[in-house]
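Residue numbers (this note's numbering), protein chains in the order written: chain G, 391 to 667; chain L, 346 to 664.
Built from N, CA and C at the ideal position, the CB exists for glycine as well.
Notes follow the structure.
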Amino acid sequence: MLLSLRRIPISAQVGILVTIAFVLAALLAPVIAPYSSTVVVGDVWEPMSAKHWLGTDNLGRDLFTRLLYGGRITLFIAALATALSFTLGASLGFSAAVIGGWFDEVLSRFVDMIMSIPTLIFALVVLSVLPSNTVTLIVVMGILDSTRVYRISRAVAVDVNVMDFVEAAKLRGEGKIWVIFREILPNALSPLVAELGLRFIFAILFLSALSFLGLGVQPPQSDWGGMVKENKDGIVFGIPAALLPAAAIAILAISVNLVADWVLNRTTDLKGGRGNG
Amino acid sequence: MGAGIAKLVAQRFALGVLLLLAVSVVIFVGTNILPGDVAQSILGQSATPQAVANLRESLGLNQPTYVRYFEWLGGILHGNLGTALSNGQPIGPELLSRLGNTLFLAFWAALVAVPLSIILGLIAVRHRNGFIDNLISASTLAAISLPEFFIGYLLIYFVAVRLGWFTSVATVYQNMPFLDRMNAIALPAATLTLVVLAQMMRMTRAAILNVMQSAYVETAELKGLSRFKIILRHAFPNAIAPIINVIMLSLAYMVVGVVVIEVIFVYPGMGQYMVDHVAKRDIPVVQDCGLIFAAVYITLNMLADIFSILSNPRLRHPK
C-alpha cells in the first residue's frame, strides 16, 4: 500500500488529500461548525475576524458554518445524482451493447436527440413544470447526465462484447444478465471509474449553476451555488463573501479533476495505450 | 462530384431539420405530460377548483396535447410566439430584442476568443511540451473546473469594484451609443471568452499536432524549413477544417454559457429572460426560449458537420 502510494504523482496526491478534506469537512460539519447555520450571530457582512473566521453573510450568519453545511448539501446531491446517472447510464449502455438490434437503435437515437439539446436549457425547461425540491433536482440531473454515461459505457461494452471470453460465455449458454455483470462489467470498470470523477465534477458545477440561478436548492437551505446568489449583492460594495463559496467549488472541482486525470492516464497505461504523450 | 457534395450537405441539412422537429416535440410534450398543472401553479394551492377550471378553459388547456402542439408550432413558423402567462404581453417582440442582445454579446466574445485561441494554440504547438505548453494545459484543467460565476464575480470584484475600469452591471437599452454599449458588455464578453478560451485552445492544439505528425510535414522538416514556417504554410492549411469545427462547437457552447453570464451581469439577454420565466413558471415563454436555444445549438452543430464535409474529401464518400 505504502509502495503504491509513493508512485502516485504529486498532483494526484494533492487532489486526493484535498478531496478527502472536503468530504470530511462535510461529514463532520455539525462537530466542526462553531455556530448554527441558521442563526443570526452578528452584523450583516462582517469582515473576517477571530470570532467569525470568514466573516458573516448577507443576513449576519457565520459564513464558515454556512460553508460547511453548504458543502454537505452540494456533495450529497451531486453524489446521489452521479450515482443515479451511472446506474441508469451504464445498465442501459451495457444492455444496448449486449442485446443490440432495434433496442440499441431506438435507445441510441433517443440519447442522440436528448444530447442535441444543451443540458442546462433542457433542465430549465423541465424545472419550469416540476415542483422545486431536492428529489426533483437529483432525478433531473441524474437522468440528463446519464446520456453521457450511456454513450461511454455502450462504446466500451461493444468492444468487450466481441472478445473471445464473452463469445465463450455465450456459447456456454450463459444468460444476458450474466454476460453483462460477470463478463462485461469487470472489464469496463476502469474507464468508467475515470469517467465517474468527471461526471461528479459536472454534477457539482451543474447543481451550483442551477442554485445560482435560483432554480436549485431552495432557501432556507443553501448549497454553495445558492450562497453565491445570497451574497452576490455585496460584491459591488467590495465585500468578497460571494467569492468564498465560488472558490470552494473551484478548489473541489480542480482536486477531483487532478485525481480523475491520474486514473485516466493510469488506465490507458495499463492497456498499453497512448500513455502521457 | 459536385452533385455528390450537394446531396451530402442536403442530407445533413434535412437531418438537422428533423432533429429540430423532434426536439420541439420533446420540449412541448415534456412540459405537458410531466406532473404539475399550469393553471394550478399560476393560481397557487389555495385556488378554488372553479377558478382553476376557468383558467384551464381560457388557456386552451382542455384541448388534446397534439392539437395544442400543432397550434404552437404553426404559430412559431408564422412568427407568432404566443403570449406570456405572467403579464399577458406577446412574447415575440420582447424575445426578439433580447435575442439581439444575446447575439451581440456572443458575437464580440467570439471575435476576441477565436483569433486568440488559434494564436495561443499555434504557440503551444511551436513550444510543444515546453513551459508555455504546460501552462496552457494547466489552465485548461483549471478552466473546466471553474464555475462561470467564479470567473465573473472575480472580474467584477477586481476590475470593476477595485480598479473601477468598467461597470459591474451591464445595462443596455435601445438606441444606446455604440461605445457605451461596448463598455457595458466588456466584462460579460471577457468572462465568456475566458470560459471557452481554454477548451478552444486545447482543441486547436490537438488539431494542429495531428497534422504535424504526417509525412509531408516530416518532408518539410527534412527540407530544412523553419519550424514556424512549417506550421504556418504546411500544417495550418490542413488543420483549418478541424479548427473551423472547433470554432462552431465553441460557439454552440457559448450560447449555453451565456445564460449564467447574463444573470451575473444582469444583462438583458435571452438567457436571463428564460431564467426569470422558469422561476415564474411561465411555460409559453420557457418553451419558446428553449426551442430557440436548441435551434441555435443544433444549427451551429450542423454547420460544423457541413464544413467538415466540404473541407475533407474523405468524408464525401461515406461507406
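Compare the C-beta of residue i against all C-beta atoms of chain L and say whether one is closer than 8 Å.
i: G/ASN647; result: yes
i: G/ILE625; result: yes
i: G/ILE400; result: no
i: G/LEU517; result: yes
i: G/LEU407; result: no
i: G/LEU514; result: yes
i: G/VAL618; result: yes
i: G/LYS622; result: yes
Three-state secondary structure (DSSP) at residue i?
i: G/THR722; result: An answer regarding residue 722 of chain G cannot be provided, because it is not within the stretch 391 to 667 covered by chain G.
i: G/ASP452; result: strand
i: G/PRO437; result: coil
i: G/PRO581; result: helix
i: G/THR446; result: strand
i: L/PRO438; result: helix
i: G/ARG664; result: Residue confidence for G/ARG664 is low, a pLDDT of 40 falling below 50, so the modelled location carries little weight; the figure read from the coordinates is stated next. In this structure, G/ARG664 counts as coil in the three-state DSSP scheme.
i: G/LEU392; result: Per-residue confidence for G/LEU392 stands at a pLDDT of 47, beneath the threshold of 50, marking its modelled position as unreliable; no derived number is given.
First and last residue of the alpha helix (DSSP H) that includes residue i?
i: G/MET531; result: 524-551
i: L/GLY419; result: 410-422
i: G/ASP613; result: Premise fails: G/ASP613 is in no alpha helix (DSSP H) and is neither H nor E.
i: L/LEU499; result: 493-500
i: L/LYS568; result: 560-568
i: L/HIS622; result: 615-624
i: L/ASN392; result: With the sequence shown as reference, residue 392 of chain L is identified as Ala, and Asn is not the correct amino acid for it. Where L/ALA392 is concerned, there is no enclosing alpha helix (DSSP H), given that its DSSP letter is neither H nor E.
i: L/THR538; result: 523-557
i: L/SER656; result: 628-656
i: G/PHE412; result: 400-417
i: G/VAL626; result: First-last for G/VAL626: undefined, no H or E at that position.
i: L/ILE609; result: 581-609
i: G/SER498; result: 491-505
i: G/LEU510; result: 509-517
i: G/VAL556; result: 554-562
i: L/LEU426; result: That residue, L/LEU426, is in no alpha helix (DSSP H); it is neither H nor E in DSSP.
i: L/SER490; result: 476-490
If we count the other Cβ atoms within 10 Å of its Cβ and call it buried at 16 or more, is residue i buried or exposed?
i: G/LEU634; result: buried
i: G/TRP652; result: buried
i: L/TRP510; result: exposed
i: L/VAL412; result: exposed
i: G/ASN647; result: buried
i: G/ASP433; result: exposed
i: L/GLU402; result: exposed
i: L/GLN617; result: buried
i: G/PRO508; result: buried
i: G/MET531; result: buried
i: L/ASN590; result: buried
i: G/TRP614; result: buried
i: G/SER506; result: buried
i: L/LEU508; result: exposed
i: G/ASN551; result: buried
Any beta carbon from chain G within less than 8 Å of residue i's own beta carbon?
i: L/ILE492; result: According to the sequence shown, residue 492 of chain L is Pro rather than Ile. Chain G, which has a Cβ nearer than 8 Å to the Cβ of L/PRO492, makes this yes.
i: L/ILE481; result: no
i: L/GLY419; result: no
i: L/THR376; result: yes
i: L/VAL397; result: no
i: L/GLY475; result: no
i: L/LEU537; result: no
i: L/TYR642; result: yes
i: L/ALA360; result: Checking the displayed sequence, the identity of residue 360 of chain L turns out to be Leu instead of Ala. Not closer than 8 Å to any Cβ of chain G, the Cβ of L/LEU360 fails to qualify, so no.
i: L/LEU596; result: no
i: L/ALA649; result: no
i: L/ARG626; result: yes
i: L/TYR498; result: yes
i: L/LEU366; result: no
i: L/PHE638; result: yes
i: L/VAL631; result: yes
i: L/LEU486; result: yes
i: L/TYR561; result: no
i: L/TYR414; result: no
i: L/GLY635; result: yes
Checklist entry - Residues in the region 498-511 of chain G with C-beta within 7 Å of chain L's C-beta atoms, listed in sequence order? => result With the criterion set as a beta carbon lying under 7 Å from some beta carbon of chain L, the members of the region 498-511 of chain G are MET503, SER506, ILE507, PRO508, LEU510, ILE511, in sequence order.
Exercise for review: Return the residues of the region 584-613 of chain G that lie within a Cβ-Cβ distance of less than 8 Å from chain L, sorted by chain order.
Suggested key: Close to chain L, meaning a Cβ-Cβ distance shorter than 8 Å, are the following residues of the region 584-613 of chain G: ILE591, LEU595, SER598, ALA599, PHE602, LEU603, GLY604, LEU605.
(request) With 7 Å as the C-beta to C-beta threshold (strictly closer), list the residues of the region 626-646 of chain G near chain L in chain order. (result) Hits within the stretch, in order: VAL626, GLY628, PRO630, ALA632, LEU633, ALA636, ALA637, ILE639, ALA640, ALA643, ILE644.
Requested in this report: Residues of the region 610-623 of chain L with a CB closer than 7 Å to any CB of chain G: list them in chain order, please.
Outcome: From the region 610-623 of chain L, only MET619, VAL620, VAL623 have a Cβ closer than 7 Å to chain G.
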